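Protein chains in written order, with the numbering used here: chain A, 1 to 253; chain B, 254 to 501. Glycine included, C-beta positions come from ideal geometry on N, C-alpha and C. Nothing here was measured: the structure is a model prediction, and the numbers come from that model. Only one structure is covered here, and it is reproduced in the block below.
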Amino acid sequence: MIKAINIFKSFDETPVLKDISIDFEDGKCNLIIGKSGAGKTVLLKILAGLLHPNEGQVWYDETDFLGLTKKQVRRVRLDVGMLFQGSALFDSMTVEQNIKFPLDMFTSKTKKEKELRVNYCLERVNLAGSNAKFPSEISGGMQKRVGIARSIVLEPKYLFCDEPNSGLDPKTSILIDELIQGITEENNITTIINTHDMNSVMEIGDRINLLHLGKLAWSGNKAQVLESENEVLQDFIFASPFLQRLRQIALKG
Amino acid sequence: MITGLLYHFGRYLMMMGTAISRPEKWKMYGKEMVRQMHDIGVGSLIIVMLISIFIGAVSAVQFAYQLDGTLVPNYYIGYVVRDLTIIELAPTITCLVLAGKVGSNMASEIGGMRQKEHIDAMEVMGVNTSAYLVLPKVSAALIVIPLLVSLAAFLAVMGGYVASVPTDLITHAEYVQGLRSFFVPYNVFMMFVKAFVFAFILTSVSCYQGYYVTGGAIELGKASTNAVVVSDILILLADYLIAIIMTS
Numbered sequence: 001m002i003k004a005i006n007i008f009k010s011f012d013e014t015p016v017l018k019d020i021s022i023d024f025e026d027g028k029c030n031l032i033i034g035k036s037g038a039g040k041t042v043l044l045k046i047l048a049g050l051l052h053p054n055e056g057q058v059w060y061d062e063t064d065f066l067g068l069t070k071k072q073v074r075r076v077r078l079d080v081g082m083l084f085q086g087s088a089l090f091d092s093m094t095v096e097q098n099i100k101f102p103l104d105m106f107t108s109k110t111k112k113e114k115e116l117r118v119n120y121c122l123e124r125v126n127l128a129g130s131n132a133k134f135p136s137e138i139s140g141g142m143q144k145r146v147g148i149a150r151s152i153v154l155e156p157k158y159l160f161c162d163e164p165n166s167g168l169d170p171k172t173s174i175l176i177d178e179l180i181q182g183i184t185e186e187n188n189i190t191t192i193i194n195t196h197d198m199n200s201v202m203e204i205g206d207r208i209n210l211l212h213l214g215k216l217a218w219s220g221n222k223a224q225v226l227e228s229e230n231e232v233l234q235d236f237i238f239a240s241p242f243l244q245r246l247r248q249i250a251l252k253g
Numbered sequence: 254m255i256t257g258l259l260y261h262f263g264r265y266l267m268m269m270g271t272a273i274s275r276p277e278k279w280k281m282y283g284k285e286m287v288r289q290m291h292d293i294g295v296g297s298l299i300i301v302m303l304i305s306i307f308i309g310a311v312s313a314v315q316f317a318y319q320l321d322g323t324l325v326p327n328y329y330i331g332y333v334v335r336d337l338t339i340i341e342l343a344p345t346i347t348c349l350v351l352a353g354k355v356g357s358n359m360a361s362e363i364g365g366m367r368q369k370e371h372i373d374a375m376e377v378m379g380v381n382t383s384a385y386l387v388l389p390k391v392s393a394a395l396i397v398i399p400l401l402v403s404l405a406a407f408l409a410v411m412g413g414y415v416a417s418v419p420t421d422l423i424t425h426a427e428y429v430q431g432l433r434s435f436f437v438p439y440n441v442f443m444m445f446v447k448a449f450v451f452a453f454i455l456t457s458v459s460c461y462q463g464y465y466v467t468g469g470a471i472e473l474g475k476a477s478t479n480a481v482v483v484s485d486i487l488i489l490l491a492d493y494l495i496a497i498i499m500t501s
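Here you go:
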């Protein structure tokens with residue numbers, strides 16, 4: 001479990017996060033949603049330790065993450081995987097080398113063991129046989145899947161996904177969502193996903209946290225989204241008249 | 254301005270403090286260092302060779318012009334070209350050129366990685382990014398740049414020979430006599446001291462400029478330019494300080 005407690009963050013006197021406290025549960029897809037500029041990415045980066053809050057605490061199970069030394073942080077990070085919005089694959093490396101990078105850096109596995117692990121991860125994201133390709137030779141959706149493969153190669157306990165569906169077509173988005181959900185449940189990972197993809201919200205939102213103007217405006221699961229009368233939530237999720245009509249139909253049963 | 258300078262100096266020291274630490278995996282750092290040695294060494298060979306030959310040639314021709322009609326013996330041309338290149342031109346000019354070629358390249362490479370979130374990705378994996386991205390580059394430069402400087406000194410002397418002997422400015426015997434006259438081995442030591450110091454400056458400053466890039470393409474361009482400008486200024490300043498310290 002990851003806990004964010006009373007997080008405050010501002011940039012040049014401009015407050016971005018105001019007193020955010022959220023519990024992210026094990027084995028579930030914990031979503032952070034909200035409009036652009038709501039502070040989702042900042043919160044995710046604080047949770048991943050890429051930014052420091054002005055105030056507040058972040059706990060990884062029993063570990064006070066922000067109270068650790070740099071060396072201790074690096075040790076905790078061996079249990080962390082992260083999928084970036086732009087995939088962040090190393091351009092000069094092949095797909096295989098990208099996935100193998102954490103294994104080369106942090107494990108003493110043999111060449112054969114690394115090869116097996118890389119191939120398993122590639123199969124898991126339905127990209128078997130793409131080992132020798134370079135990131136520039138594969139599509140955006142495939143790059144995201146390679147990013148997922150790289151983030152799970154060290155069998156992490158915590159998985160962060162920053163806008164995993166951005167720039168993808170609806171079908172590929174669903175595929176990515178299913179992958180993340182499957183991996184989360186299989187390995188009982190604490191997964192935190194930062195998204196504004198409505199399909200993801202309704203399909204994999206085990207726990208949904210809505211940020212609005214730097215504050216936690218609503219928290220619940222996908223079943224509660226339809227019934228909630230929270231105006232900020234309704235305004236965000238059912239933004240278009242088409243979606244509002246769908247909601248009415250769904251509520252009528 | 255002073256506050257800005259102190260801010261950058263402090264941040265530079267902090268980056269270097271984190272960079273100089275025990276690697277997570279020696280093999281990975283070694284691989285990266287070999288890649289950098291190839292990029293810096295082989296990649297800069299042609300430009301260093303060309304510049305050195307011409308520097309030696311121009312020095313010889315111009316010194317011959319200045320000696321014309323004086324009582325100074327001709328063999329002084331060889332002597333002056335030798336000491337000029339060993340003490341000053343080979344380390345300084347080579348490193349100023351390398352700051353432009355290698356330094357800007359390093360700043361762009363690291364800056365690009367920062368912008369594409371590669372550095373964040375490594376950081377989340379648990380990699381000490383300042384060490385992994387800076388240490389192999391600095392180590393490679395400390396090995397390769399003194400070798401390039403030695404080559405530059407040799408080629409400059411050869412350039413002086415080619416420009417002065419076949420053109421009958423002086424004879425072969427005079428040039429060789431000049432090269433053998435008044436040789437002080439300490440000057441070679443000074444050349445290597447300069448090469449090591451300049452190599453450290455140009456790589457660490459360039460890595461610093463790239464590592465802290467924020468923004469987009471314009472900022473990346475600025476970082477690349479700053480890498481060259483700041484490295485050049487610091488190299489010239491260090492050159493002056495080394496000259497004072499080692500010749501007093």
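Endpoints, the alpha helix (DSSP H) within which residue i is located
i	result
Gln-244(A)	241–252
Ile-273(B)	Taken as a continuous stretch (DSSP letters only), Ile-273(B) belongs to no alpha helix (DSSP H), as it is neither H nor E.
Lys-40(A)	40–48
Val-415(B)	382–417
Pro-102(A)	95–106
Lys-18(A)	Careful: Lys-18(A) lies outside any alpha helix (DSSP H), inside the beta strand (DSSP E) at 14–24.
Val-287(B)	279–290
Glu-113(A)	111–124
Phe-307(B)	296–320
Pro-170(A)	170–187
Asn-165(A)	Unbroken run through Asn-165(A): none, as it is neither H nor E.
Asn-358(B)	357–368
Met-378(B)	371–378
Leu-337(B)	329–337
Under the three-state DSSP convention, the category residue i falls into
i	result
Val-437(B)	coil
Met-82(A)	strand
Ala-4(A)	strand
Gly-56(A)	strand
Leu-159(A)	strand
Lys-9(A)	strand
Ala-88(A)	coil
Val-73(A)	helix
Ile-237(A)	helix
Gly-147(A)	helix
Ala-132(A)	coil
Lys-354(B)	helix
Asp-421(B)	coil
Ile-346(B)	helix
Beta carbon proximity, residue i to chain B, threshold 9 Å
i	result
Pro-102(A)	yes
Met-105(A)	yes
Met-248(A)	Checking the sequence, you will find Gln at residue 248(A) rather than Met. No, its Cβ sits nowhere closer than 9 Å to a Cβ of chain B.
Gly-86(A)	yes
Met-82(A)	yes
Asp-48(A)	According to the sequence displayed, residue 48(A) carries Ala and not Asp. Yes, because at least one Cβ of chain B sits closer than 9 Å to the Cβ of Ala-48(A).
Leu-43(A)	no
Lys-70(A)	yes
Leu-154(A)	yes
Phe-90(A)	yes
Leu-226(A)	no
One or two residues paired with residue i in a DSSP bridge
i	result
Ser-207(A)	First, the amino acid is wrong: residue 207(A) is Arg here, not Ser. Partner(s): Asn-30(A).
Asp-64(A)	Trp-59(A)
His-212(A)	Lys-215(A)
is_contact[residue i, chain A] using C-beta, thresh 9 Å
i	result
Thr-420(B)	no
Lys-390(B)	no
Asn-381(B)	yes
Thr-504(B)	Outside the shown range of chain B, which is 254 to 501, sits residue 504(B), and nothing can be said about it.
Val-387(B)	no
Asp-321(B)	no
His-371(B)	yes
Met-378(B)	yes
Met-290(B)	no
Met-281(B)	yes
Residue range of the unbroken beta strand (DSSP E) whose run includes residue i
i	result
Met-479(B)	The sequence given here has Asn at residue 479(B), not Met. Not the beta strand (DSSP E): Asn-479(B) falls in the alpha helix (DSSP H), residues 470–500.
Ser-219(A)	215–220
Ile-193(A)	190–194
Given 8 Å, three or more beta-carbon pairs between the stretch 188–195 of chain A and the stretch 214–221 of chain A: no
Are there three or more Cβ pairs, one per stretch, closer than 8 Å when the stretch 407–425 of chain B is compared with the stretch 455–470 of chain B? no
Do the stretch 333–352 of chain B and the stretch 377–389 of chain B make contact, defined as three or more Cβ pairs closer than 8 Å? no
Say whether the stretch 87–100 of chain A touches the stretch 115–131 of chain A, bearing in mind that this needs 3 or more beta-carbon pairs closer than 8 Å, one atom from each stretch. yes
Evaluate the contact criterion for the stretch 306–319 of chain B versus the stretch 456–467 of chain B: three or more CB pairs, one atom per stretch, below 8 Å. no
Hey, is the stretch 328–344 of chain B in contact with the stretch 443–457 of chain B, meaning 3+ C-beta pairs nearer than 8 Å? yes
Using 8 Å as the threshold, is the stretch 197–213 of chain A in touch with the stretch 23–39 of chain A, meaning 3 or more CB pairs across them? Yes, since at least three Cβ pairs between the stretch 197–213 of chain A and the stretch 23–39 of chain A fall closer than 8 Å, the two stretches touch.
Could you tell me whether the stretch 323–341 of chain B touches the stretch 282–300 of chain B, where touching means 3 or more Cβ pairs closer than 8 Å? no
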